[in-house]
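J.: Going down the list, the sequences are from chains U and X. Under the numbering used here, residue 440 is the last one in the first sequence; the count climbs by one each step, no gaps. Under the numbering used here, residue 342 is the last one in the second sequence; the count climbs by one each step, no gaps. By construction, the Cβ of each residue, glycine as well, lies at the ideal position given by its N, Cα and C atoms. Dropping the structure in here first, questions after.
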Amino acid sequence: MTLVEASDALHARVRAFAEGKASDDFEALALAIARFQAEHSPRFAALVKSRNARLESVDAVPAVPTDAFRVTRVAVHPPERDRVRFMTSGTTRARAAHGVHPLRTTETYETVALIAGARALLAERGPRVVVSLAPVPDQPPSSSLGFMMELFQARWDGRALDGGPFVTRDTARFLVGPSGVDVAGLERAAGVARERDEPLLVLATAFALVGLVDALGERRLAAPPSTTVMVTGGFKGRSREVEKNTLRRDVALAFGIPESHVVAEYGMTELSSQLYEGTLPGADLRGEPDVLFEPPWLRVVPVDPGTLEPVADGAIGIARIVDLANVDSAVAVQTEDLVRRRDDGIELIGRRPGAIARGCSLALEALLQ
Amino acid sequence: MNAARERVERLLEAARRIQDPATDLGHRARSALLGSTRLSAEGIELGLAECLETEPTDDDLAALFASVRPAARTHVLLSGNVFVAAHRAIAIALAASERVVVRASRREPHFARLLAEAAPGLFELVTELEPARGDALWAYGGAETLEALRAGLPHGVELFAQGPGFGVAVLEASFISVENARALALDIVRFDQRGCLSPGSAIVVGDADDALAFGRLLASELESLGREIPLGPLEPEELAAVRRHRDTMAYARTELWASPGYVATGSSNELNPAPGGRALEIVATTDPVALLLPRVSEITALGMAVGESLARALDQALPGARKSALGRMQRPPLDGPADRR
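Rendered as C-alpha cells:
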C-alpha cells in the first residue's frame, strides 16, 4: 500500500469513527495512525527511538511538541502534496516564529470540525446567519481558524447576506479590518438575522470581542435573542487582557443574550479538531462554563511538564492531546497549555510560565498595531 | 592608588580568600553554595577556580573603571543563576560609588554574604533596595523581573538592566577538532548553562556532515566531563524546558546522546538554543551572520574558532556580544559588565 493509499484508508476510518458509522476503537485507531506516522516519517521514528517508545498503547505514543511545527516540517507526505498549510500566529518577544501544519487533505478536518461545532454551537435546526469577528482569510488559507470559520459560514448559512449566492472571503462576513472591528457590519448582519427570523452565530476571537465591547461602549447590539457567540483564543500575556468570565458577561450584555450563549472553543493550528464548552441551551453538548469537552476522536491528558507522565486526576498539567484527525502530521501533540480534568472535560488554566506567546488572537493584535 | 581602586582591591582580596579552599571562608563557601547554586560540588569548584576573576590586569581594571559613571550611591540587585557574578556586579558598583547597597538573590544569597563578611564595611547587604533620585541601580535578572522593576522605579534613578541572553559558538569546519570540542564542552558545563554567556547553540560553517562530525566530538567530551563534573539538580521549570527542547530536537534534528545531556545537529535557518541541561544545538550553515542576525539582541557572547575574515564579519554584525575563544565564553575578564549588549 502506498503512503497515500494508507493515509486515505486511515482518514476514512477516522471520518467513519467521528460520524458514528464504524465500531472502530479509539486506541486501535490511534495506534494505527502512530505506526503509520512512524513508518512514513523518519522524524517521528527518530522521536520514538529517542524516547525508547513502543507503539503498543496510546499513552506510549511520543507526543510531538508544538515547537516542532515551528522548527521543521511535521508531515508524512512531501510538500508537493500539501492541500493547505495552516500557520500559527506565534511570536516570541523578539521575532516572528511561525509554525506550519500542512494538510494533504481537508476532508477529515472539515468533517470533524462540522460535527464538533454543531454539537456545541447549534441549538436548533434550520438556517442561520453566520459571521466572523476575524480578518478575511488568506487565499490559499493560512489560518486554520479562518478556514473553519468560512466552513461554518458556508455549511450553516450558505447564502450571501443580501440573499444572493454564497461567496468566499466575504468582507460582509469577516468583520475585522485594519481599523478594528466593523461594528456597522455586525449590526447589518444582526439586522438580516432579525428580518429573516433566524439565529445569528458570531464566530470570534477573544481579542476581537474585547475590541467590539470597547467600540460599543454603553451601546447594545440589536441581535436576535437566539444569537450564539463562539469565542476562541486568549490573550497570552499580550496587550489588554480581560478575565474570561468578565469577557463572557460583557459580550452577553453587548448582544443582549444570556451568558450561556457565549460558548468557548479551544483549538490550535497543530490540531485538526476542536474542543468546546457545553453551555448553549438546546445544543447536544451540555456542561458547566469553563469546562471544555473533547469530541470522541480526541483525548486530552494533563501531564507533568518535566516527566511527561500523566498527573493525578484533577491536578494541573500541560495538555498532551491525541487527535485522530491529525492523520498526516502528529497524532499526539504536546502543548504548553496548562489544563486539569474537570466534570468529564478539561479546564484550561493558561500557559506554562516561560512558554512562547502564541495563539489565534495574536493575528488580530498584529493587524491592529 | 585612588579610592575606587582601593575598594575594588579589597573586594578582590575577599574573593581570593573565598576562592582558597584552605581558608575558613573558602571551606564554608563550598558547603553553603552546594545548597543554593544547584551545581554539583565539582561544578562549584570549577566556578571558583576558573570563573571567579581575582587577578585582573591593570588594563582590565582600567576598562572596569571606564565602564561606569561615578554615582553618589549605587544599588545592586543580584540574580542567582551564576554565583560568581555577584563578585563582578559588586566590583562594578564599587568602581562607581563609595556607597554600595546590595540585595542578594533569594535563591543564592551566600556568595554576596561571604564577600561582605570577608570585606566588612565595603558594601551594605540589605533585604530590600530603596533607591532614591540620583542613585544608580544595577539590576541583574529575568525579563519579567526587570520589567516590573523598571515600572516601579522612583524618578531620577539611573537603571542599568542586565537581562537574559545566550551565547553562541561559531566554528569554521577547518577548526573542528577534539580540542575545540573539549573547550566548548567546558563552556557548556560551567554553571550548567545557567549564565547569560552560556552557549545554547553552536554554528558550524559547513554542511550537515560537518555539524554531525563536530557534534560527535562534542557529545563525547560532554560525556567525559559529565563524569568528572556531574550535572547539578534541575528545577522543575528547567526540567520542563529541557524535556520540551529535547523532544523538539529529537524530532527535527539528529540527536546525539551526551549523558547527562544531548547534542542536536542539522541544517536550519534559525537558532533554537538549548535551555540548559548540558545540551547544545549545532546548526550547519554557510552564512553564519545571516543565522545570527535575527537573534542579535539576545546574543551576549560569541565563542569563536574561525579565521580572521569571519571574525571581522562577526565583530561587525554583533558589536555588543563578547567575543572569546572557545573555552573562555564564561571567563570574561573583569573589565566591566559581562553583558555588553
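1. Among the candidates U/341, U/291, U/348 and U/344, whose CA atom is the shortest distance from the CA of residue 328 of chain U?
2. Between residue 346 of chain U and chain X, is the shortest Cβ-Cβ distance under 9 Å, so that the two count as touching?
3. So which residues on chain U does residue 343 of chain X lean against when the C-beta distance must stay under 9 Å?
4. Could you please tell me which residues of the region 237 to 253 of chain X, in chain order, have their CB closer than 9 Å to any CB of chain U?
5. Please confirm if the region 391 to 410 of chain U is in contact with the region 369 to 382 of chain U, defined as three or more CB-CB distances below 8 Å between the two stretches.
6. Given a limit of 8 Å on CB to CB distance, which residues of the region 144 to 166 of chain X reach chain U?
7. Are residue 219 of chain X and residue 272 of chain X closer than 9 Å when you measure CB to CB?
8. Find the residues of chain X that neighbour residue 107 of chain U, judging by a C-beta separation of less than 7 Å, and give them in chain order.
9. Are residue 333 of chain U and residue 362 of chain U touching if we call contact CB-CB under 9 Å?
10. Taking only beta-carbon positions, decide if residue 118 of chain U is within less than 9 Å of chain X.
11. Report buried or exposed for residue 407 of chain U, applying the criterion of at least 16 other Cβ atoms within 10 angstroms of its Cβ.
12. Put residue 387 of chain U into one of helix, strand or coil per three-state DSSP.
13. Let me know the secondary structure DSSP gives residue 227 of chain U once reduced to three states.
14. For residue 360 of chain U, name the three-state secondary structure that DSSP assigns.
15. Considering just the uninterrupted stretch of the alpha helix (DSSP H) at residue 20 of chain X, what are its terminal residues?
16. For residue 432 of chain U, which residues from the same chain have a beta carbon less than 6 Å from its beta carbon, with the 5 sequence-adjacent residues on both sides left out?
17. Would residue 173 of chain X pass as a contact of residue 327 of chain X if the rule is Cβ separation under 9 Å?
18. Here's the rule: buried if 16 or more other CB atoms are within 10 angstroms of the residue's CB, otherwise exposed. What is residue 3 of chain X?
19. Closer than 8 Å, Cβ to Cβ, to anything on chain U: give me those residues from the region 265 to 286 of chain X, in chain order.
20. Going along chain X in order, which residues have a C-beta closer than 7 Å to the C-beta of residue 377 of chain U?
21. Could you give the distance in angstroms between the alpha-carbon of residue 178 of chain U and the alpha-carbon of residue 148 of chain X?
22. Would you identify the three-state DSSP class for residue 172 of chain U, choosing helix, strand or coil?
23. Name the DSSP beta bridge partners of residue 155 of chain U, please?
24. In chain order, what residues of the same chain lie with their CB nearer than 7 Å to the CB of residue 301 of chain X, ignoring the 5 residues before and after it?
25. Could you give the distance in angstroms between the alpha-carbon of residue 208 of chain X and the alpha-carbon of residue 183 of chain X?
26. At a CB-CB cut-off below 8 Å, which residues of chain X make contact with residue 115 of chain U?
27. Could you name the residues of the region 35 to 62 of chain X whose beta carbon sits closer than 8 Å to any beta carbon of chain U, in the order they occur along the chain?
28. Can you check which of these residues, X/75, X/186 and X/241, is closest to residue 225 of chain X by C-alpha distance?
29. Which parts of the region 198 to 249 of chain U are runs of the alpha helix (DSSP H), unbroken and 4 residues or longer, counting only runs that do not cross its ends?
30. For chain X, find out if any of its Cβ atoms is closer than 9 Å to the Cβ of residue 139 of chain U; answer yes or no.
31. So, is residue 331 of chain X buried or exposed, given that buried needs 16 or more other C-beta atoms within 10 angstroms?
32. So, is residue 123 of chain U buried or exposed, given that buried needs 16 or more other C-beta atoms within 10 angstroms?
33. Would you give the residue range spanned by the beta strand (DSSP E) that residue 126 of chain X belongs to?
34. Can you check whether the CB of residue 172 of chain U is closer than 9 Å to the CB of residue 159 of chain U?
35. Quick one: grab the DSSP three-state call for residue 115 of chain U.
36. Anything in chain X within Cβ reach of residue 210 of chain U, meaning under 7 Å, just list it in chain order.
T.: Quick answer:
1. With distances taken between CA atoms, residue 328 of chain U lies nearest to U/291 out of U/341, U/291, U/348 and U/344.
2. Not an interface residue.
3. The requested residue 343 of chain X does not occur in the structure, where chain X is confined to residues 2 to 342.
4. Here the close residues are 237, 238, 239, 240, 241, 242, 243, 244, 245, 246, 247, 248, 249, 250, 251, 252 and 253.
5. The region 391 to 410 of chain U, when compared against the region 369 to 382 of chain U, does touch it at the 8 Å Cβ threshold.
6. So the close ones are 144.
7. No, the Cβ-Cβ distance between residue 219 of chain X and residue 272 of chain X is not below 9 Å.
8. Under the 7 Å cutoff, chain X gives no residues; its nearest Cβ is about 16 Å from residue 107 of chain U.
9. The Cβ atoms of residue 333 of chain U and residue 362 of chain U lie no closer than 9 Å to each other.
10. It does; some Cβ of chain X falls within 9 Å.
11. Buried, since its Cβ has 16 or more Cβ neighbours within 10 Å.
12. Residue state, collapsed to three classes: coil.
13. Helix, per DSSP.
14. Secondary structure of residue 360 of chain U (DSSP, three-state): coil.
15. Under the DSSP assignment, residue 20 of chain X falls in the alpha helix (DSSP H) whose first and last residues are 4 to 20.
16. Because residue 432 of chain U carries a pLDDT of 44, less than 50, the predicted location of this residue cannot be relied on, and no value is offered for it.
17. Not in contact: residue 173 of chain X and residue 327 of chain X (Cβ atoms no closer than 9 Å).
18. Sixteen is the threshold: since fewer than 16 other Cβ atoms of the shown chains lie within 10 Å of the Cβ of residue 3 of chain X, the residue is exposed.
19. Contact residues of the region 265 to 286 of chain X toward chain U are 269, 271 and 273 (C-beta to C-beta distance below 8 Å).
20. By Cβ distance, chain X contributes 237, 240, 241 and 244.
21. In this model, residue 178 of chain U and residue 148 of chain X are separated by some 47 Å (Cα to Cα).
22. In this structure, residue 172 of chain U counts as strand in the three-state DSSP scheme.
23. BP columns for residue 155 of chain U point to U/174.
24. Excluding residues within five positions, the ones whose Cβ falls inside 7 Å are 166, 167, 168, 197, 198, 322, 323, 340 and 342.
25. Roughly 21 Å between the two C-alpha positions.
26. Correct list: 252.
27. Within the region 35 to 62 of chain X, no residue has a Cβ that lies closer than 8 Å to any Cβ of chain U.
28. Closest option to residue 225 of chain X, Cα to Cα, is X/186.
29. Every alpha helix (DSSP H) of 4 residues or more that sits fully in the region 198 to 249 of chain U is shown, in chain order, as 215 to 227.
30. For residue 139 of chain U, the nearest CB of chain X lies under 9 Å from its own CB, placing it at the interface with that chain.
31. Buried.
32. So residue 123 of chain U counts as exposed.
33. That run of the beta strand (DSSP E) goes 125 to 127.
34. Yes.
35. In the structure shown, residue 115 of chain U adopts helical secondary structure according to DSSP, grouped into three states.
36. Against residue 210 of chain U, chain X offers no close residue; the least beta-carbon distance is about 26 Å (beta-carbon pairs closer than 7 Å).
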